[in-house]
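Numbering (the numbering used here), first residue to last: 30 to 119.
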């Protein structure tokens, strides 16, 4: 048994069941627990995939906005004369 140091035969005797029956119940419970854990991992995995897709979409949007801002800055810099950036002496 997982949670007891007592032998399966002793626990089965206390419960008045056949030890093979008890072992079968334990095995079934372990399979159910393993399936539940797998389902939980699958749900977490689905949530992570959704979050990753949302983050990738946001990243793409931010990259596009950044590229547009760079184009606007380049356009502004080309339209100003070069001496507009020089400091004038007083």
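C-beta: ideal position from N, C-alpha, C; glycine also.
- For residue 42, the enclosing alpha helix (DSSP H) begins and ends at 37-44.
- Membership of residue 108 in the alpha helix (DSSP H) is indicated by the continuous run 48-108.
- Taking C-alpha positions only, residue 46 is separated from residue 79 by approximately 48 Å.
- Here the stretch 63-81 makes no contact with the stretch 37-51; the two share fewer than three CB pairs at distances below 8 Å.
- Sequence-distant partners of residue 37 (beyond 5 residues in either direction) whose C-beta falls short of 7 Å from its own C-beta, in its chain, are 30, 48, 51 and 52.
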